[in-house]
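Asks:
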Amino acid sequence: MNNNENIVVFKVTSEFFEENGYIVHLEGKSKAIIFDPGSDVDQFLEYLSVKNLRVDAICLTHAHPDHIAGVSGIKAAYPDAKIAIGLNEAAALTNPKLNLSSLLGFEMVSPPADITLKDGEDAEFAGIVFNIQEIPGHSPGHIAYIAKDSKFHVFGGDILFEDSIGRCDFPGGDFKKLVSGIKQKLLCLPPDSKVYPGHGSTTTIGEEAKNNPFLN
Ligand SMILES: [Zn+2]
């Protein structure tokens, strides 16, 4: 994987399910990516405006409602922003049954995907190259976006949390697939690799390899 320049990450936690979204950009550059924009769109817009950033892409790890709640709002403010998601998750963006919002008692949809990403491919957004790894189990087509500057950065949505992993009891969930995907595709990264999860605190691959009860 290419080495990028310094990657800056700003975390936005939205009230709806305390979901973490992230604004990511290269230091000193004007293009940004938003990962998994949650319900609190104003927090994203405020940071973008203060830092004078424009949104190149809205990158989604999966299509559950807490992770897509802010897509329409960000897209309204930055109509040129491309929406990216995994190939096997794209249909759920526009389908309340597949994205489980109807199961939770409301119907949420996002604008459709502009870009669908395949397992193993490299993709560039806002000048940052990401390697895409599909790790199903929390949802059927969930992906992680992995970038590297002086270390690796994993935008993993609801795959791997501090001391926990994503829920697998929803329709489309699969505990075995999730654990084996994490072991095969993430635990091979260096211990100092940072993990930015969809809920809870930022952690590292080394911490989780050592302490995560689901992986030990
Ligand atoms: Zn989820």
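Numbering (this note's numbering), first residue to last: 1265 to 1480.
Just so you know, even glycine gets a beta-carbon here, dropped at the ideal spot from N, CA and C.
Since this is a predicted model, take the numbers as computed values, not measurements.
Is the closest heavy atom of ligand 1 to the C-beta of Asp1422 under 7 Å?
Replies: Correct: Asp1422 has its Cβ closer than 7 Å to ligand 1.
Asks: Can you grab the Cα-Cα spacing for the pair Asn1268 / Phe1274, in whole Å?
Replies: Cα to Cα, Asn1268 sits roughly 17 Å from Phe1274.
Asks: Can you tell me which residues form a DSSP beta bridge with Asn1268?
Replies: BP columns for Asn1268 are empty, so no partner.
Asks: Please name the residue in Met1372, Ile1392, Gly1337 and Gly1401 whose C-alpha comes closest to that of Lys1295.
Replies: The shortest Cα separation from Lys1295 among Met1372, Ile1392, Gly1337 and Gly1401 belongs to Ile1392.
Asks: Starting from Glu1398, trace the alpha helix (DSSP H) both ways and give me its first and last residue.
Replies: Per DSSP, Glu1398 belongs to no alpha helix (DSSP H); it is in the beta strand (DSSP E), Ile1392 to Glu1398.
Asks: For Gly1436, which residues from the same chain have a beta carbon less than 7 Å from its beta carbon, with the 5 sequence-adjacent residues on both sides left out?
Replies: Result list for Gly1436: Ser1403 and Pro1404, in chain order.
Asks: Return yes when at least one heavy atom of ligand 1 lies under 7 Å from the C-beta of Ser1403, else no.
Replies: Checking the Cβ of Ser1403 against ligand 1 gives yes.
Asks: When DSSP labels each residue in this structure, what does Thr1468 get in the three-state scheme?
Replies: Thr1468 falls in the strand class under three-state DSSP.
Asks: Indicate the three-state DSSP secondary structure (helix, strand or coil) for Tyr1409 in the structure shown.
Replies: Here Tyr1409 sits in strand by DSSP.
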